[in-house]
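One structure is given here, and the rest of the page talks about it.
Residue numbers (my numbering): 7 to 62.
As structure tokens, this is what we get:
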């Protein structure tokens, strides 16, 4: 990928379902575990962590 020039096309492909993004989400944590999310990031153990609010 060549940064800014290819990013819009990749976004379009992701929105069209041609690129799956879910495999890049390695962790889903509640807000009260946000410090754990930062620890995972600093340790290189996560690609993308999603922080969720509430009971979901």
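Even for Gly, the Cβ is constructed at its ideal location relative to N, Cα and C. Since the model is a prediction, treat every value here as computed from it, not as a measurement.
- Contact between residue 13 and residue 20 fails: their C-beta atoms lie close to 10 Å from each other, not under 8 Å.
- Note on geometry: alpha-carbon atoms of residue 24 and residue 56 lie some 21 Å from one another.
- Going by DSSP, residue 57 is part of the beta strand (DSSP E) stretching over 55–58.
- Between residue 59 and residue 37, the C-beta gap is smaller than 8 Å, which places the two residues in contact.
- Straight across, the Cα-Cα distance linking residue 32 with residue 45 is about 14 Å.
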